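Mind the numbering: the sequence shown is residues 3 to 123 in the working numbering, read in order.
Each residue gets a CB set at the ideal place from its N, CA and C atoms; glycine is no exception.
Note that this is a predicted model, so its numbers are computed, not measured.
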Amino acid sequence: MTDRVDINRVLMEIRSFKAQNQAMNSVQGVGNSLEGVNNTRGTQQVNGPRFGELLEQAVSKVNEVQQASGAMSQAYIQGDSNVGITDVMIASQKAGVAFDAMVQVRNKLVEAYKDVMNMPI
Numbered sequence: 003m004t005d006r007v008d009i010n011r012v013l014m015e016i017r018s019f020k021a022q023n024q025a026m027n028s029v030q031g032v033g034n035s036l037e038g039v040n041n042t043r044g045t046q047q048v049n050g051p052r053f054g055e056l057l058e059q060a061v062s063k064v065n066e067v068q069q070a071s072g073a074m075s076q077a078y079i080q081g082d083s084n085v086g087i088t089d090v091m092i093a094s095q096k097a098g099v100a101f102d103a104m105v106q107v108r109n110k111l112v113e114a115y116k117d118v119m120n121m122p123i
């Protein structure tokens, strides 16, 4: 049962990283159109990781998961006796879930951006 809980936790983490990866790609274009937003008065600087940095870390994590999955698949194809088909399938599913989650985060960010842009001034 402990293995199942750990797998679910890992899958949830992968989903969040995958979603953040896709969001990062779509947010880069949005950031260029919002350059003047940081010049507002009366705001305070928050110490901590910036939103863009968090997205970048998430994208990197999803990329690592996908590369690990590809490497494991390649090792299995080449006949590595230390890599089983179950390991390959689990790694592949983790990479797929991470990517799908990243796509969903990107979609939500684009939707939020459109909502903000359509707000009356």
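If you draw a straight line from the Cα of residue 61 to the Cα of residue 104, it is about 8 Å long. Classified as buried, residue 17 has 16 or more neighbouring CB atoms from the shown chains inside 10 Å of its CB.
Per the coordinates, the alpha-carbon of residue 83 lies some 45 Å from the alpha-carbon of residue 50. Taking residue 94 as reference, the option from 66, 108, 123 and 58 with the minimal CA-CA separation is 66. For residue 97, the closest C-alpha among the options 113, 74, 81 and 53 is that of 74. A distance below 7 Å separates the beta carbons of residue 90 and residue 78.
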